[in-house]
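Under the UniProt record's numbering, the residue at position 93 of the sequence shown is numbered 93, and the numbers go up by one with no gaps.
First comes the structure, then the notes that go with it.
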Amino acid sequence: MSIATNPIQTPSDSDNEVALPPRNRRPPASYNDYVSGSELDDEDLHNLAIYSPADDPKNYAEAEKFDVWRTAMDQEIEAIKNNDTWELTTLPEGSNAIGVKWIYKTKYNEKGEIEKHKARLVAEGYSQKLGIDYNEVFALVARWDTIRSILALAAKEKWSVFQLDVKSAFLHGELVEDIYVEQPLGYQKGGNNKVYKLKKALYGLKQAPRAWY
């Protein structure tokens, strides 16, 4: 005796598919949020140039044209003098003078407004020679794990936590090596044969972090 059976028909995936209406694709609105310079008249372009942040000077020749940068350089030189960082002298025979250069940076606050024009005099430490101009460069720094642990402990014990910023920090690090640097542009005195002997570190020196530590 045989029983005829019909195989059970199961709906295929294609049968379950529902036709969706085509999507209306359009680019994000932000793609159209711009102004073409070709659409601006001369007055608009002039105003845009005034209110757009200017690039920081790349060298002394560019910076000396502006009062804000001359003032910033004066402040940096004054800080170096106040910290008794160097003394003017004649370069000893057989010694080399390391070059220095100005670095300029505009600092902004959280609102994007100009907060300060900063000029920093840095030594060209890449020209220093190990064993002659410096010996050690290593300096300890705080680990993030340590900082987190201190903050967690302060929160638990309800301690007050304060922070501070040491202005011109590296200028406080005393040197043990005899380091000579050229006079900075715009502040030369005493003739071309005069250089500065460093008593304390300048930014850019190989041993500056070590001296500060």
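Where is the CB? At the ideal position from N, CA and C, for every residue including glycine.
Report task. Could you please give the first and the last residue of the uninterrupted alpha helix (DSSP H) stretch that includes Glu115? Result -> No alpha helix (DSSP H) contains Glu115, which is instead part of the beta strand (DSSP E) from Ile114 to Ala123.
Query raised in the report: Roughly how many angstroms lie between the CA atoms of Val195 and Glu62, to the nearest whole one?
Result: 24 Å
Query - Residue closest to Asp178, alpha-carbon to alpha-carbon, out of Asp84, Asn96 and Asp67 - result: Closest option to Asp178, judged by alpha-carbon separation, among Asp84, Asn96 and Asp67: Asn96.
Query - DSSP state of Ala142 mapped onto helix, strand, coil - result: coil
Query raised in the report: Is any beta-carbon of chain C found at less than 8 Å from that of His117?
Result: Among the protein chains of the structure shown there is no chain C, as only one such chain exists.
Query - Buried versus exposed, by CB contacts within 10 Å (16 or more), Lys189 - result: exposed
Query - Contact under 8 Å by Cβ, Leu91 with Pro184 - result: The Cβ atoms of Leu91 and Pro184 lie no closer than 8 Å to each other.
Requested in this report: Mark Pro57 as exposed unless 16 or more other C-beta atoms lie within 10 angstroms of its C-beta, in which case mark it buried.
Outcome: buried
**Report entry** Spatial distance of Asp145 from Ala119 (CA atoms)
**Finding:** 33 Å
Query - Cα-Cα separation between Asp84 and Tyr104, rounded to whole angstroms - result: Going by C-alpha positions, Asp84 is about 23 Å away from Tyr104.
Query raised in the report: Are the beta-carbon atoms belonging to Glu64 and Gly186 less than 8 Å from one another?
Result: yes
**Report entry** Residue closest to Phe162, alpha-carbon to alpha-carbon, out of Ile147, Leu175, Val176 and Glu174
**Finding:** Ile147
Query raised in the report: Quick one: what's Leu88 bridged to in DSSP?
Result: Answer is Tyr196, bridged to Leu88.
Requested in this report: Please confirm whether Ala79 and His117 have their CB atoms less than 8 Å apart.
Outcome: no
Report task. Pick helix, strand or coil for Lys156, following the three-state DSSP scheme. Result -> helix
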